[in-house]
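Novice:
There are 2 protein chains.
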Amino acid sequence: MTGFLPAAIFNRMVEQQTPDLDTVFHALGDATRRRMLRALAGGERTVGQLAEPFEMSLAAASKHVKALEKAGLVRREVRGRTHLCRLEPGPLASAHDWLGFYERFWTGRLDVLDALLRQEAAESSATRENPSAPQSPEGDES
Amino acid sequence: MTGFLPAAIFNRMVEQQTPDLDTVFHALGDATRRRMLRALAGGERTVGQLAEPFEMSLAAASKHVKALEKAGLVRREVRGRTHLCRLEPGPLASAHDWLGFYERFWTGRLDVLDALLRQEAAESSATRENPSAPQSPEGDES
DNA sequence: AAGCCTGTCAACCGAATGGTTGAATGATAT
DNA sequence: ATATCATTCAACCATTCGGTTGACAGGCTT
């Protein structure tokens with residue numbers, strides 16, 4: 204309902220109280236929930252549909268959906284007696300961004316950085332920040 | 204030790220029994236551990252150094268380090284009586300890749316996909332896969 | 001050798017997690 | 001009106017988590 208395209212972003216920014224990475228990563232730390240997200244990547248699913256592939260009670264699956272919802276990864280639209288769930292990718296993007304901070308460690312720059320770190324470790328026993336280390340996108344947290 | 208550039212990748216592939224996303228995401232789902240990773244982004248750190256910013260016992264921090272190690276995010280080199288920890292970015296890259304699967308949901312393609320999904324949901328009550336949904340990089344798991 | 005330092009281990013604790021079952025809610029169908 | 005369907009809720013259970021404390025194991029220092 205309402206506008207579709209902007210709604211996803213709008214809701215993520217306004218309705219959702221920006222779930223912290225703790226909650227998002229915790230939600231992602233379960234294979235069941237990740238598979239649910241993957242199912243939702245194929246389109247809207249009801250709770251029952253999300254639960255169907257798993258050999259657990261519906262109540263258990265419902266809890267998983269709630270965990271995804273709490274992390275802001277899923278939005279629920281109660282339509283009649285069924286609850287329709289949709290993927291809300293904002294938090295996934297946040298998590299992706301957070302991980303992207305470490306990208307230079309596994310991309311080509313790795314060698315350069317590795318050499319720098321080794322050099323630093325070798326020539327000074329002081330444990331200060333490496334000035335050539337990448338800058339964190341977030342402040343202290345995360 | 205040994206070659207640096209290939210070592211990181213090599214070790215991740217051989218030494219490490221490819222920690223699953225469960226473990227990696229779980230490790231990331233804790234602000235303390237994320238801050239430790241961030242510290243390690245600045246270079247090698249001993250367990251004591253990693254523990255220092257936190258108001259918890261050394262034993263508690265040590266457990267966090269162990270969680271990171273179990274997830275393959277950290278490698279430990281016991282040097283004398285100190286344990287030197289280094290960032291092992293492979294699992295971070297895996298997690299990043301996994302999240303990248305959902306990228307089209309938050310990038311420009313979002314609108315197109317959103318319209319497609321809504322159309323599918325509207326015109327068929329069957330809950331089959333959306334043929335235009337992105338393909339998962341992994342098989343069934345996650 | 002004695003003592004200190006770094007770090008882990010083991011036992012314990014309270015809270016959270018992930019699952020179950022059975023009852024309750026509410027919308028739909030007959 | 002009644003039965004059925006989709007889903008949640010509440011209570012319960014075992015396990016894990018994150019923290020503590022105190023004892024232990026090595027490595028340095030003197």
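These protein sequence lines map, in sequence, to chains Y and H. Each residue of the first sequence is one higher than the last, beginning at 204 in this note's numbering. Each residue of the second sequence is one higher than the last, beginning at 204 in this note's numbering. All C-beta atoms in this analysis are idealised placements derived from N, C-alpha and C, irrespective of residue type, glycine included.
For H:Leu276, which three-state DSSP category applies?
Specialist: coil
Novice: Given that Y:Leu295 touches chain H, what residues does it touch there, using C-beta distances under 8 Å?
Specialist: Within chain H, the residues near Y:Leu295 are Leu302, Tyr305, Phe308, Trp309.
Novice: Check the Cβ of H:His229 against every Cβ in chain Y and list those closer than 8 Å, keeping chain order.
Specialist: Within chain Y, the residues near H:His229 are Phe228, His229, Gly232.
Novice: Count the other CB atoms, across all protein chains shown, that sit within 10 Å of the CB of H:Leu253; report buried if there are 16 or more and exposed otherwise.
Specialist: Answer is buried; the Cβ neighbour count reaches 16.
Novice: Can you tell me where the alpha helix (DSSP H) with Y:Arg289 in it begins and where it stops?
Specialist: Careful: Y:Arg289 lies outside any alpha helix (DSSP H), inside the beta strand (DSSP E) at 285–290.
Novice: Considering Cα atoms alone, identify which of Y:Phe304, Y:Thr249, Y:Arg278 is closest to Y:Leu290.
Specialist: Y:Arg278
Novice: The alpha helix (DSSP H) with H:Phe257 in it runs from where to where?
Specialist: Premise fails: H:Phe257 is in no alpha helix (DSSP H) and is neither H nor E.
Novice: Let me know if Y:Gly283 comes out buried or exposed under the rule of 16 or more other beta-carbons within 10 Å of its beta-carbon.
Specialist: Answer is exposed; the Cβ neighbour count stays below 16.
Novice: Verify whether the separation of the beta carbon atoms of Y:Leu243 and Y:Ala298 is less than 9 Å.
Specialist: Against a cut-off of 9 Å, the Cβ pair of Y:Ala298 and Y:Leu243 comes out as no contact.
Novice: Can the beta-carbon of H:Leu240 be found less than 9 Å from the beta-carbon of H:Leu295?
Specialist: Contact flag set, yes.
Novice: Is H:Thr235 helix, strand or coil by DSSP?
Specialist: In the three-state DSSP reduction, H:Thr235 falls in the helix class (H, G or I).
Novice: Just list the residues that DSSP pairs H:Thr249 with in beta bridges.
Specialist: DSSP, once it has assigned bridges, lists H:Leu287 as partnering H:Thr249.
Novice: Using 9 Å as the threshold, is the C-beta distance between H:His238 and H:Leu271 below it?
Specialist: The identity of residue 238 of chain H in the sequence shown is Arg, whereas the question assumes His. Their beta carbons are not under 9 Å apart, which means H:Arg238 does not touch H:Leu271 by this criterion.
Novice: Taking the alpha-carbon positions, what's the Y:Val281 to H:Gly275 distance?
Specialist: 41 Å
Novice: I'd like to know whether the C-beta of Y:Ala254 is nearer than 9 Å to at least one C-beta of chain H.
Specialist: no
Novice: Can you give me the Cβ contacts of Y:Gly251 inside the same chain, cut-off strictly under 8 Å, excluding the 5 residues immediately before and after it?
Specialist: Leu261, Thr285
Novice: Given that Y:Leu224 touches chain H, what residues does it touch there, using C-beta distances under 8 Å?
Specialist: Leu231, Gly232, Ala234, Arg237
Novice: In whole angstroms, what is the alpha-carbon distance linking Y:Ala324 and H:Gly245?
Specialist: Model confidence at Y:Ala324 stands at a pLDDT of 49, short of 50, so the residue's coordinates are unreliable; what they give is reported in the following sentence. In a straight line, the C-alpha of Y:Ala324 is about 10 Å away from that of H:Gly245.
Novice: Give me the residue from H:Leu302, H:Thr310, H:Glu306, H:Gly293 with the minimum Cα distance to Y:Tyr305.
Specialist: With respect to the C-alpha of Y:Tyr305, the residue from H:Leu302, H:Thr310, H:Glu306, H:Gly293 having the closest C-alpha is H:Gly293.
Novice: Kindly list the residues whose CB is nearer than 8 Å to the CB of H:Ser265, restricted to its own chain and excluding five residues on each side of it in sequence; keep chain order.
Specialist: Val250, Ala254
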